[in-house]
Structures are given as structure tokens and as C-alpha cells.
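Working notes for the structure below.
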Amino acid sequence: MTDWTIRPERPGDEDRIHAVVAEAFDGMPFADGTEPDLVDRLRGNGELLLSLVAETDTIIGHIGFNPISIDGKDCGWVQLSPVSVVPSRQRSGIGSALIKAGIAEMRRRGVRGIGVEGDPAYYERFGFTVIEGLGIAGPHAEYFRALVLSGDAPIGEVRYASAFY
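For the sequence shown, numbering that gives the first Met the number 0 gives the first residue as 0, with consecutive numbering after it.
Structure (C-alpha cells):
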């Protein structure tokens, strides 16, 4: 049994989500410190399609999903980014539960697939794989994985939501 629950973000959660993302990414070798501001930009741009939190008496985890295009077209795919858990609660199943809840909601909404950039071994546990011909350009291309929820996998270059640029 867990001492936390997952729910959609509500008005008033923004500052705590910002703090959770900052804490989760602080000191990580792959982080550049802009991750909390990215979530704020996604929200401000209307690009945070789904935002879930894990909470006890306070928010301890967060996950966001945002739109992506493939070869400049909307193909009904989204990106999982970012997933964050406060350091004191990491490795306790919260991140996994947020990912599973997010995937389930994306499936319920009729999303065709989800892309993610991150630790391949971690995300492959949830069914994310390399799809030949689908990916991102640049130095982090080897970290891109995708999960097909319905239909065939598209081929092409993925471009993230405008908040990333």
C-alpha cells in the first residue's frame, strides 16, 4: 500500500510542481537547470496536454505530456516529458506509477503514440522501444524511444513542442 495518490494538476499546484521538478533534476549530469522553467513554458503555451501529480500531504512527483510533430505534421503523438520525483522519494515506485497512469490516460484519449528521451533501460520497462526511422536529430538521438498505442508507427523526424526551443 502506498501513502500517496495520483491526480491531475489543479490550479494552485504550479509553484509546488516547479519546486518538485527543480529538486528532482538538481545535480543530475544530464540536467541543465532549465527543467522547471520548461514545465512553466509548456503550461503557459497551452502545450501541457496532461499534467499529473503524486501527492501525500504535499506534491512529491509530477509528469507531463506535450505535443510533438513528425516531419512537421500532427500525427496524434505526444511526448512524455518530464517525469520528476523529489529525491527523498525516488526509487519507491512513484515515477513508475506516474508513467503508467499517464500512458493509460493517453490511451484513453486516443493518442496514437508516445515518444520519450531518457534512460533507455528505464523507459524500455514500460514498452518504449527504438522504432526504425522515427527519432530526433542531434546529440541525444540515441536516447529517444517510442511507444505505439494504436495504428502503425510513423516514420520521420520528431520535433518537440515550441516550449523546448
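Beta carbons: idealized from backbone N, C-alpha and C, even for Gly.
DSSP beta-bridge partners of L79: Here the question's residue 79 lines up with position 80 in the sequence shown. DSSP lists F64 as partners of L79.
Proximity below 8 Å, CB of I154 to CB of G114: Position 155 of the sequence shown, counted from the start, is the residue given in the question as residue 154. Position 115 of the sequence shown, counted from the start, is the residue given in the question as residue 114. Not in contact: I154 and G114 (Cβ atoms no closer than 8 Å).
Those residues which DSSP pairs with T4 across a bridge: If you number the sequence shown from 1, residue 4 lands on position 5. E54.
Rounded straight-line distance, which links the Cα of D73 to that of F143: Along the sequence shown, read from residue 1 onward, the residue named residue 143 stands at position 144. Along the sequence shown, read from residue 1 onward, the residue named residue 73 stands at position 74. Cα to Cα, F143 sits roughly 18 Å from D73.
Every unbroken alpha helix (DSSP H) within the segment 105 to 151, with a cutoff of 4 residues, ordered by chain: 119 to 123
Beta-carbon proximity list for F125, same chain, < 6 Å, skipping 5 on both sides: Here residue 125 corresponds to residue number 126 of the sequence shown, with the count starting at 1. Hits under 6 Å: I98.
E34 to R42 span [Cα, whole Å]: Position 35 of the sequence shown, counting from 1, holds the residue named residue 34. Position 43 of the sequence shown, counting from 1, holds the residue named residue 42. A direct Cα-to-Cα measurement between E34 and R42 gives close to 13 Å.
Close beta carbons around G60, own chain, < 6 Å, minus the five adjacent residues each side: For the purposes of this step, residue 60 is identified with residue 61 of the sequence shown, where counting begins at 1. A53, V84, I93, L97.
Check whether I62 and L79 have beta carbons under 8 Å apart: Taking the first residue of the sequence shown as position 1, residue 62 is located at position 63. Taking the first residue of the sequence shown as position 1, residue 79 is located at position 80. Going by C-beta atoms, I62 is nearer than 8 Å to L79.
Distance between G150 and I102 (C-alpha atoms, nearest Å): The residue given as residue 102 occupies position 103 in the sequence shown. The residue given as residue 150 occupies position 151 in the sequence shown. The straight-line gap from Cα to Cα measures roughly 16 Å.
Status (buried if at least 16 other CB within 10 Å, exposed otherwise) for G65: On the sequence shown, residue 65 is found 66 positions in, with the first residue counted as 1. Reading off the sequence shown, one finds Asn at residue 65, where the question assumed Gly. Counting Cβ neighbours within 10 Å, N65 comes out buried, since at least 16 surround it.
Local Cβ density within 10 Å of G137, reported as buried at 16 or more and exposed below that: Counting from 1 along the sequence shown, the entry for residue 137 is found at position 138. G137 comes out exposed.
Boundaries of the alpha helix (DSSP H) in which G43 is found, first to last residue: The sequence position of residue 43 within the sequence shown is 44, counting from 1. It spans 34 to 43 - the alpha helix (DSSP H) in which G43 sits, taken as one unbroken run.
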